[in-house]
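Notes to accompany the following structure.
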Amino acid sequence: MFALESFNNIHKHLDTQLSLAPIQGITNHIFRNALHKHIGGVDKYYAPYLRIDKEKHFRPSKQYDILPENNPDLTLIPQIMVNNSADFLKLAEFIESLGYTELNWNLGCPYPMVTNRKLGAGLLPHHTTIIEILNHVLPKIKISVSIKMRSGLTDDTELEKLLPKLNPFPLSEIIIHPRFAKQLYKEKANPELFKACSHLSAHQLAYNGDVFSPDSFRTYKKQIPAIDHFMLGRGLVANPFLARQIRSAKGFDIQEASEQFQSFHNELFENTQKMLRSEGQTLLRMKSYWGYFSHGFSNNRKAYKLIKKSNSFNKYHEATRRIFKEQSLLLQPYNRNDNNIDE
Ligand SMILES: Cc1cc2nc3c(=O)[nH]c(=O)nc-3n(C[C@H](O)[C@H](O)[C@H](O)COP(=O)(O)O)c2cc1C
20 MFALESFNNI
30 HKHLDTQLSL
40 APIQGITNHI
50 FRNALHKHIG
60 GVDKYYAPYL
70 RIDKEKHFRP
80 SKQYDILPEN
90 NPDLTLIPQI
100 MVNNSADFLK
110 LAEFIESLGY
120 TELNWNLGCP
130 YPMVTNRKLG
140 AGLLPHHTTI
150 IEILNHVLPK
160 IKISVSIKMR
170 SGLTDDTELE
180 KLLPKLNPFP
190 LSEIIIHPRF
200 AKQLYKEKAN
210 PELFKACSHL
220 SAHQLAYNGD
230 VFSPDSFRTY
240 KKQIPAIDHF
250 MLGRGLVANP
260 FLARQIRSAK
270 GFDIQEASEQ
280 FQSFHNELFE
290 NTQKMLRSEG
300 QTLLRMKSYW
310 GYFSHGFSNN
320 RKAYKLIKKS
330 NSFNKYHEAT
340 RRIFKEQSLL
350 LQPYNRNDNN
360 IDE
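Count the sequence shown with my numbering and you get residues 20 to 362, in order.
This is the structure we're talking about:
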């Protein structure tokens, strides 16, 4: 029951940092800025990965997302996905030149198109390559490096084998998403595995995976009380108030939250339209957001259906007006078994 201004004081008291996970196609600078401005509660934001493409190009459209002028008021950690030292150095130097002090190396992307090319989680079984890259690049760059990793590619065993090998390197943090890549997002994340392996690392560790509600946060935090950084992904996109709910012992004024959600949504729409320009592309992007947002409304299926069938801006605005008028924002947990999302 508080306004955003007073909230910013309250949110400093939680002893655990909460960050927004990188989600390609969703948590771009437009989403991050709108979330930060209208809802808040997030300490730091990770940008979806940058990479050098097959033709060895680093596309300007990708650079745009992390430019400091496009992320003016938030703490941003850019992410890279690479499997060789040359690409690592090229991206690290670019990110460093923008003034960032940390970058994150993606060793977690699970999709076969990526892993078959020994990128993301596809690099996890190749310990020698990982070690060689770190040995080669770390002495050459000033920017600090953190890693975000899954527990393995085809099973959970890489985590316990790789963590001790990373101990000699001056990494700023290792964010562990305890689920192996072949599982994609189907099985539950495995916090017990995180806990069982955490003593193998000399590094600061962060937890990521299936934090969908304040209750699930508290359950995981109880299991791993020493971990003081939790990264929130789908749960925070589906319920943009999740970080604030985790921090707040009090209930929410639903009317106020509804208004904040609408301001957040309207800015997301306007800036997405400005960036993508085309009506079709903008609608496509907004539909993927609503695959998550619809979870928060009293009639998830109906809300998503209304959005899904809007084939013009007029129809889209009509659909959102109806949802905001006829449905309540419930601030309920993301339900991975009842979603409208292509994960
Ligand atoms: C569509 C989609 C895109 C993603 N893109 C990225 C990415 O660019 N970089 C990354 O490290 N993780 C990416 N992830 C993984 C998330 O950052 C996070 O690790 C995962 O969703 C588990 O956290 P959650 O259960 O809180 O969602 C992506 C996940 C999804 C569903």
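Positions of the beta carbon are idealized from the N, C-alpha and C atoms, including for glycine.
For S277 and N103, the gap between their C-alpha atoms comes out near 46 Å. By the criterion of at least three beta-carbon pairs nearer than 8 Å, the stretch 129–148 is in contact with the stretch 159–170.
With a threshold of 16 other beta carbon atoms within 10 Å, Q274 falls short and is exposed. M168: member of the beta strand (DSSP E) spanning 163–169, first to last residue. Around the beta-carbon of M132, fewer than 16 other beta-carbon atoms lie within 10 Å, marking it exposed. For a cut-off of 8 Å, the C-beta gap from I49 to T291 is around 6 Å, short enough to register as a contact. Excluding five sequence positions before and after N47, the CB atoms of its chain that fall closer than 6 Å to its own CB belong to D84, given in chain order.
Assigned with DSSP and collapsed to three states, I85 falls in helix. Straight across, the Cα-Cα distance linking S116 with A215 is about 39 Å. The beta carbon of D229 sits closer than 6 Å to at least one heavy atom of ligand 1. With contacts defined as CB atoms closer than 7 Å, P41 and A66 qualify as a contacting pair.
Distances from the CB of K81 to the heavy atoms of ligand 1 are all 6 Å or more. Here A257 is buried. Its C-beta has 16 or more other C-beta atoms within 10 Å.
Exposure of S297 is indicated by the presence of fewer than 16 other C-beta atoms within 10 angstroms of its C-beta.
Residue side-chain check: I193 keeps its Cβ at 6 Å or more from all non-hydrogen atoms of ligand 1.
Looking only at Q43, M305, K180, the smallest Cα-Cα distance to I149 is reached by K180. In the three-state reduction of the DSSP assignment, Y226 falls in the strand class.
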